[in-house]
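In our numbering, the protein residues as written are 513 to 924. Each residue gets a CB set at the ideal place from its N, CA and C atoms; glycine is no exception. None of these values were measured; they are calculated from a predicted model.
Laid out in structure tokens, this is it:
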């Protein structure tokens with residue numbers, strides 16, 4: 513019984529531990545699988561989100577540029593003969609255009625490369641990105657590309673405009689990069705999860721900081737050399753797509769932060785509009801939810817194990833009680849059977865004694881009856897050859913005394 517009890521306890525304990533391990537391991541495995549599925553889902557949604565945003569934002573930038581090109585056309589249409597009459601009138605006209613359209617500069621270039629501004633003439637035409645001699649359609653470039661105060665330069669060719677004997681071949685405007693991109697909502701906070709930026713094809717940032725401020729470099733292509741690219745992506749393939757003006761995206765880890773960068777070319781320029789999303793931020797936010805789910809699942813598993821253990825304990829205790837009751841019942845039945853057997857034995861013995869007493873009385877009665885007619889009375893058992901004297905003749909001294917057994921055949 514004690515051995516069975518120990519075996520039962522061991523069985524219940526092992527089963528409880530096994531159930532606990534299975535539940536907890538299963539919960540952790542489910543959590544890990546859920547995290548991987550979440551990362552894949554984040555990647556898929558991020559790509560859709562980035563491609564959509566990049567395409568829309570590129571269209572906004574292009575529309576802003578087109579609007580400014582149209583502005584130049586409107587401004588040229590407002591030019592009158594009086595405005596071209598002398599330098600003072602021309603500069604006054606240019607000042608009005610600057611104020612009206614909120615420009616940093618509104619200028620003309622003649623066929624000799626001399627620049628006419630509202631504040632006088634300039635001779636630094638070589639610092640601009642357009643060629644005043646060959647320009648045939650609107651061109652967009654960046655002035656002060658290597659400096660913080662970058663200017664967007666939109667230049668368009670003009671015809672049949674002369675000033676003081678000079679032919680004006682180009683009209684261009686300068687707009688602060690931040691002002692030009694303000695309508696496109698390019699600014700991004702450093703604590704955000706998505707970042708928009710514009711780069712030249714050589715990777716020079718035109719708006720925000722590189723990679724959302726993670727990199728101290730001012731060139732995207734240089735910064736990406738320090739990135740760890742995920743499977744299916746490489747630095748060389750990224751450089752090739754970026755410089756060629758193709759749409760594309762790339763996933764990488766930079767300073768232990770998983771990111772995906774989507775890029776599209778801005779029409780009419782050598783710019784690349786990019787959208788960066790920090791997948792780690794989104795995954796971590798979702799991860800907090802997953803961890804809470806896993807934690808609650810583990811707690812639920814432990815409660816389940818405790819309930820199962822309690823159930824096993826109750827079953828075990830009930831089994832012990834049943835076994836004890838069964839043992840008591842069997843003991844009681846055995847005692848009852850023993851008492852019954854003892855009672856039956858006593859009854860049988862009593863009956864035997866009563867029978868012997870009855871026979872003895874019959875014998876005594878018979879002997880007493882016979883003793884009245886005979887001097888000596890014997891009782892003989894012929895089967896056993898045993899004889900005993902019940903009444904002796906007191907005058908016969910050779911006779912066996914009363915009550916003494918003897919061999920009947922030898923004596924008689």
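Closest residue to residue 651 among 778, 872, 913, 858 (Cα-Cα distance): Residue 778 holds the alpha-carbon nearest to the alpha-carbon of residue 651 among 778, 872, 913, 858.
Segment limits, beta strand (DSSP E) that includes residue 667: For residue 667, the enclosing beta strand (DSSP E) begins and ends at 663 to 669.
CA-to-CA distance, residue 594 to residue 568, given in whole angstroms: Distance between the alpha carbons of residue 568 and residue 594: 43 Å.
Residue 643 classed as buried or exposed, judged by whether at least 16 other C-beta atoms fall within 10 angstroms: Under this definition residue 643 is an exposed residue.
Same chain only: Cβ atoms within 7 Å of residue 656, ignoring 5 sequence neighbours per side: In chain order, 662, 663 place their CB closer than 7 Å to the CB of residue 656, counting only its own chain and leaving out the 5 sequence neighbours on each side.
Inter-stretch contact at 8 Å, needing at least 3 Cβ pairs: the stretch 588 to 608 / the stretch 630 to 637: Yes: at least three Cβ pairs fall under 8 Å.
Assigned exposure category for residue 654 - 16 Cβ within 10 Å defines buried: Of the residues assessed, residue 654 falls on the buried side of the cut-off, its CB having 16 or more other CB atoms within 10 angstroms.
Segment limits, beta strand (DSSP E) that includes residue 686: From DSSP, the beta strand (DSSP E) with residue 686 extends over 678 to 688.
Beta-carbon proximity check, residue 622 vs residue 680, cutoff 8 Å: Yes, these two residues count as a Cβ contact at 8 Å.
Among 732, 684, 920, the one whose alpha carbon lies nearest that of residue 616: Comparing Cα positions, the closest option is 684.
Pair within 8 Å by beta-carbon distance, residue 706 and residue 613: In this structure, residue 613 does not lie closer than 8 Å to residue 706 by Cβ.
8 Å Cβ cutoff, residue 784 in contact with chain B: Looking for chain B here will not work: only one protein chain is present.
Whether residue 689 touches residue 723 by CB criterion (8 Å): No, they are not a contact pair.
Where residue 618 falls: helix, strand or coil (DSSP): Reduced to three states, the DSSP call for residue 618 is strand.
Same chain, Cβ closer than 7 Å to residue 782, neighbours up to 5 away in sequence not counted: Within the same chain, residue 782 has close Cβ partners 712, 713.
Of the listed residues 809, 759, 851, 771, nearest to residue 742 (C-alpha basis): Of the candidates 809, 759, 851, 771, the one whose C-alpha sits nearest the C-alpha of residue 742 is 771.
Counted within 10 angstroms of its Cβ, other Cβ atoms place residue 917 as buried (16 or more) or exposed: Answer is exposed; the Cβ neighbour count stays below 16.
Counted within 10 angstroms of its Cβ, other Cβ atoms place residue 533 as buried (16 or more) or exposed: By the 10 Å Cβ count, residue 533 comes out exposed.
Endpoints, the alpha helix (DSSP H) within which residue 630 is located: Note, residue 630: premise wrong, no alpha helix (DSSP H); not H, not E.
Cβ neighbour criterion (16 or more within 10 Å) applied to residue 886: Taking all protein chains in view, the Cβ of residue 886 is surrounded by fewer than 16 other Cβ atoms within 10 Å, so the residue is classified as exposed.
DSSP state of residue 872 mapped onto helix, strand, coil: Correct three-state label for residue 872: helix.
C-alpha gap between residue 725 and residue 581, whole angstroms: Distance between residue 725 and residue 581, taken at the CA atoms: about 32 Å.
Residue 993 and residue 670 closer than 8 Å at C-beta: The question about residue 993 has no answer here: the residues shown for the chain are numbered 513 through 924.
For residue 777: DSSP bridge partner residues: The secondary-structure analysis by DSSP pairs residue 777 across a beta bridge with 784.
Buried versus exposed, by CB contacts within 10 Å (16 or more), residue 877: Result: exposed.
Delimiting residues of the alpha helix (DSSP H) encompassing residue 624: It is not in any alpha helix (DSSP H) - residue 624 carries neither H nor E in the DSSP assignment.
Identity of the residue in 736, 732, 892 nearest residue 747 by Cα: Closest option to residue 747, Cα to Cα, is 736.
Buried versus exposed call for residue 819 [16 or more other C-beta atoms within 10 Å across all chains shown]: Exposed is the call here.
Reference residue 571, options 791, 893, 710, 853, closest by Cα: Of the candidates 791, 893, 710, 853, the one whose C-alpha sits nearest the C-alpha of residue 571 is 710.
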